[in-house]
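**Q**
Residue numbers (the working numbering): 1 to 152.
1) Going by beta carbon distance, what residues of the same chain come within less than 6 Å of residue 6, once the five residues before and after it are set aside?
2) Would you kindly report the start and end of the unbroken alpha helix (DSSP H) that includes residue 14?
3) Give me the residue from 2, 131, 1 and 34 with the minimum Cα distance to residue 13.
4) In angstroms with no decimal places, state the Cα-to-Cα distance between residue 53 and residue 133.
5) Cβ of residue 38 within 8 Å of Cβ of residue 87?
6) If you follow the alpha helix (DSSP H) that residue 76 is part of, which residue opens it and which one closes it?
7) In the DSSP assignment, find the unbroken beta strand (DSSP E) run with residue 70 in it and report its ends.
8) Closer than 7 Å by C-beta to residue 55: which residues in its own chain qualify, once you throw out the five before and the five after it? Chain order, please.
9) Residue 6 by DSSP, collapsed to three states: which one?
10) Which residues in the same chain have their Cβ closer than 7 Å to the Cβ of residue 104, if we skip the five residues on either side of it in sequence?
11) Cα separation between residue 125 and residue 63?
12) Using only alpha-carbon positions, find the residue among 31, 50 and 71 that is nearest to residue 59.
13) Taking the continuous alpha helix (DSSP H) assigned at residue 39, which residues delimit it?
14) Can you grab the Cα-Cα spacing for the pair residue 4 / residue 145, in whole Å?
15) Does DSSP put residue 137 in a helix, in a strand, or in coil?
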């Protein structure tokens, strides 16, 4: 669960998204289940090893989770099964501090790995910094953090 100063995205493999997302079958009551997409694409957790150059890998409380960055700041969380194949990936951007460089580098990496991101409103977003920055800055969490209230 993201904190008050974080915006959360789901990260999934593009081809599995295109093959499986047609019927929105993995969205239930505003909850996105990324696991079927990753099971379908069958990708090893090493797909994200390069993230360590952007966000340092840290020890996680869960042995089936790799954490890059700080859980209370910008981070990438990779969950995997007993055989180290990915179940889900979440990206949290901490907008309480400068996130420009981290976000820019991660978006570039996601493009090279043929990944897509799903925002908190369960919409696929292009891997474009300006668009993602606008998504973050137009969020209710951003408004509440910076202005103390959410404008309706």
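Built from N, CA and C at the ideal position, the CB exists for glycine as well.
Source: prediction; values computed, not measured.
**A** Taking the structure as given:
1) Position 6 of the chain shown, counting from 1, holds the residue named residue 6. Around residue 6: 92 and 94.
2) Along the chain shown, read from residue 1 onward, the residue named residue 14 stands at position 14. It spans 14-20 - the alpha helix (DSSP H) in which residue 14 sits, taken as one unbroken run.
3) As a first step, residue 13 must be located in the chain shown, where it is residue number 13. Taking only the C-alpha atoms, the option nearest residue 13 is 34.
4) Within the chain shown, numbered from 1, the residue matching residue 53 stands at position 53. Within the chain shown, numbered from 1, the residue matching residue 133 stands at position 133. Here the C-alpha atom of residue 53 lies approximately 22 Å from the C-alpha atom of residue 133.
5) Locating residue 38 in the chain shown gives position 38, where the first residue counts as 1. Locating residue 87 in the chain shown gives position 87, where the first residue counts as 1. Contact: yes.
6) Against the chain shown, residue 76 aligns to sequence position 76. First-last for residue 76: 75-80, but that is the beta strand (DSSP E), not the alpha helix (DSSP H).
7) Taking the chain shown and counting its residues from 1, one reaches residue 70 at position 70. Careful: residue 70 lies outside any beta strand (DSSP E) and carries neither H nor E.
8) Position 55 of the chain shown, counting from 1, holds the residue named residue 55. So the qualifying residues of the chain are 68, 69, 74, 75, 76 and 102.
9) Translated into the one-based positions of the chain shown, residue 6 becomes position 6. Of the three classes helix, strand and coil, the one that applies to residue 6 here is strand, per DSSP.
10) Counting from 1 along the chain shown, the entry for residue 104 is found at position 104. Excluding sequence neighbours, residue 104 sits near 129.
11) By one-based count along the chain shown, residue 125 stands at place 125. By one-based count along the chain shown, residue 63 stands at place 63. Residue 125 and residue 63: Cα-Cα distance of roughly 30 Å.
12) Position 59 of the chain shown, counting from 1, holds the residue named residue 59. That would be 71, whose Cα lies nearest to the Cα of residue 59.
13) In the chain shown, residue 39 corresponds to position 39, counting from 1. Its alpha helix (DSSP H) spans residues 35-41.
14) Taking the chain shown and counting its residues from 1, one reaches residue 4 at position 4. Taking the chain shown and counting its residues from 1, one reaches residue 145 at position 145. Rounded to the nearest angstrom, the two C-alpha atoms are 7 Å apart.
15) Your numbering for residue 137 matches position 137 in the chain shown. If DSSP states are grouped into helix, strand and coil, residue 137 belongs with the helices.
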